[in-house]
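Single-structure report; data block below.
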Amino acid sequence: MKKRKLYYLILTGLLLAIINNSSVSSLQIHTVDAQPMLAGSVPVVAEATSMTYTPDYPLHFIGDSRTVGMQQALTYHQYDLTNHSFTARIGKGYSWLSAQRDLTELSPSILIINLGVNDLGNIKQYQTLYETYAQGCWRDCPIYIVSVNPCCQPCTSVSNGQIEAFNASMEEWIEAYNEKNASASTETFPIRYIDTYHFLLSEGYSSSDGLHYSAATYERIYNYIIEHIEEPIGDGTGIYTVSS
9 MKKRKLYYLI LTGLLLAIIN NSSVSSLQIH TVDAQPMLAG SVPVVAEATS
59 MTYTPDYPLH FIGDSRTVGM QQALTYHQYD LTNHSFTARI GKGYSWLSAQ
109 RDLTELSPSI LIINLGVNDL GNIKQYQTLY ETYAQGCWRD CPIYIVSVNP
159 CCQPCTSVSN GQIEAFNASM EEWIEAYNEK NASASTETFP IRYIDTYHFL
209 LSEGYSSSDG LHYSAATYER IYNYIIEHIE EPIGDGTGIY TVSS
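For any residue, its number in my numbering is found by taking its place in the sequence shown, counting from 1, and adding 8.
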């Protein structure tokens with residue numbers, strides 16, 4: 009009995025010695041962590057992303073004999089007009105434009121309008137029609153109004169003074185329209201103005217009859233217009249913009 013007790017005391021002493029001599033660094037503390045993410049899992053994104061589709065608009069030119077001349081010059085010099093269309097007639101103006109039912113049924117297009125040299129006195133009618141169409145049938149169409157371009161001798165039917173008055177009124181109206189449109193509850197595309205009038209005055213132009221231009225001048229007008237188009241132009245596939 010005494011031997012068993014002695015053996016027990018010796019064993020206890022040895023265990024205490026082992027514990028006392030163990031280093032603190034050898035002790036391991038276990039805590040419960042969150043379960044690791046499985047391979048292939050999708051992490052939670054703080055802010056969702058959205059994709060906005062912007063049509064790759066075709067171009068639709070609307071005008072009078074000057075637009076007819078530009079189309080002929082571009083075709084003759086083999087410009088790629090795949091995504092272009094034209095509604096233009098010699099000698100026409102506001103009355104003709106307002107009667108074109110096909111123009112009220114256009115698919116989304118960039119509209120480039122160059123009218124007024126044949127009826128400069130109809131400035132208010134043009135402005136009223138543009139606003140009506142921009143808020144209605146052309147709602148999904150970016151609209152560009154091109155200035156009436158200058159004339160020279162021997163043209164006597166119009167003067168540059170009359171043209172400048174028309175252009176100034178149109179540019180002022182477009183600015184007022186855009187301000188009003190921006191504050192509307194149902195905002196649409198702004199109407200933009202392309203000042204080819206002053207471009208031609210500064211860079212020069214060529215005309216045999218004082219009213220219509222040479223092919224080279226029409227090409228320069230076209231190139232200037234294209235440089236000022238802000239929307240994408242192409243094959244209709246459009247682009248996606250990713251935003252967060």
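A virtual CB, placed ideally from N, CA and C, is assigned to each residue, including glycine.
Since the model is a prediction, treat every value here as computed from it, not as a measurement.
CA-CA distance, residue i and residue j?
{"i": "LYS208", "j": "VAL250", "result": "It is worth fixing the name first, because residue 208 is Leu in this sequence and not Lys. Computed Cα separation, rounded: 40 Å."}
{"i": "VAL154", "j": "SER58", "result": "35 Å"}
{"i": "GLN133", "j": "ASP148", "result": "22 Å"}
{"i": "GLU239", "j": "THR164", "result": "38 Å"}
{"i": "GLU183", "j": "GLN86", "result": "36 Å"}
{"i": "GLY246", "j": "PRO63", "result": "4 Å"}
{"i": "THR196", "j": "PRO162", "result": "42 Å"}
{"i": "GLU179", "j": "ASN186", "result": "11 Å"}
{"i": "PRO44", "j": "TYR65", "result": "Residue confidence for PRO44 is low, a pLDDT of 44 falling below 50, so the modelled location carries little weight and cannot support an answer."}
{"i": "GLY101", "j": "MET78", "result": "17 Å"}
{"i": "ARG200", "j": "LEU128", "result": "20 Å"}
{"i": "GLY218", "j": "GLY99", "result": "15 Å"}
{"i": "THR83", "j": "ARG97", "result": "17 Å"}
{"i": "VAL53", "j": "TYR61", "result": "Residue placement at VAL53 is poorly supported in this model, since its pLDDT is 44, which falls under 50; the coordinates still yield a value, given next. One C-alpha to the other measures close to 22 Å."}
{"i": "HIS220", "j": "CYS159", "result": "8 Å"}
{"i": "LEU114", "j": "SER167", "result": "34 Å"}
{"i": "VAL76", "j": "ALA223", "result": "11 Å"}
{"i": "ALA192", "j": "ILE171", "result": "31 Å"}
{"i": "GLY242", "j": "ASP88", "result": "11 Å"}
{"i": "THR140", "j": "SER177", "result": "18 Å"}
{"i": "ALA190", "j": "TYR248", "result": "24 Å"}
Suppose contacts are defined by Cβ-Cβ distances below 7 Å. Is residue i in contact with residue j by that definition?
{"i": "SER93", "j": "HIS68", "result": "yes"}
{"i": "CYS145", "j": "THR95", "result": "no"}
{"i": "ALA81", "j": "GLU235", "result": "no"}
{"i": "ILE151", "j": "ALA142", "result": "yes"}
{"i": "THR225", "j": "SER214", "result": "yes"}
{"i": "GLN135", "j": "TRP104", "result": "no"}
In terms of residues, what are the limits of the alpha helix (DSSP H) holding residue i?
{"i": "PHE174", "result": "168-190"}
{"i": "THR225", "result": "223-235"}
{"i": "TYR2", "result": "Given that the chain is displayed from residue 9 to residue 252, the structure contains no residue 2 and the question cannot be resolved."}
Shortest alpha-carbon distance to residue i belongs to which of the options?
{"i": "TYR232", "options": "GLY246, PRO240, GLU211", "result": "GLU211"}
{"i": "ASP203", "options": "GLY218, PRO63, ILE229", "result": "ILE229"}
{"i": "PHE174", "options": "TYR61, ASN157, TYR84", "result": "ASN157"}
{"i": "ASN126", "options": "ILE151, ARG74, SER193", "result": "ARG74"}
{"i": "TYR3", "options": "ASN122, ASN91, ASP72", "result": "Residue 3 falls outside the range modelled here, since the chain spans only 9 to 252, and no answer is possible."}
{"i": "LEU119", "options": "ALA176, THR90, GLY71", "result": "GLY71"}
{"i": "GLY244", "options": "VAL76, SER117, ASP110", "result": "SER117"}
{"i": "PRO198", "options": "ILE241, ASP110, ILE237", "result": "ILE237"}
{"i": "GLN108", "options": "THR194, TYR248, LEU137", "result": "LEU137"}
Taking the beta strand (DSSP E) that residue i falls in, what are its first and last residues?
{"i": "ILE70", "result": "67-71"}
{"i": "THR60", "result": "58-62"}
{"i": "SER215", "result": "Here SER215 belongs to no beta strand (DSSP E), and DSSP marks it neither H nor E."}
{"i": "ILE241", "result": "Element bounds for ILE241: n/a, residue is neither H nor E."}
{"i": "THR249", "result": "247-251"}
Measuring only between beta-carbons, confirm whether residue i sits less than 7 Å from chain D.
{"i": "HIS236", "result": "The question asks about chain D, but that chain is absent: this structure has only one protein chain."}
Just to confirm, does residue i get its C-beta within under 6 Å of one of the non-hydrogen atoms of the ligand ADP?
{"i": "SER214", "result": "As far as ligands go, the structure on display features none, and thus does not contain the ligand ADP."}
Completely contained beta strand (DSSP E) runs for the stretch 78-155, where each covers 3 or more residues: With a minimum length of 3 residues, the unbroken runs of beta strand (DSSP E) contained wholly in the stretch 78-155 fall at 92-96, 118-122, 151-154.
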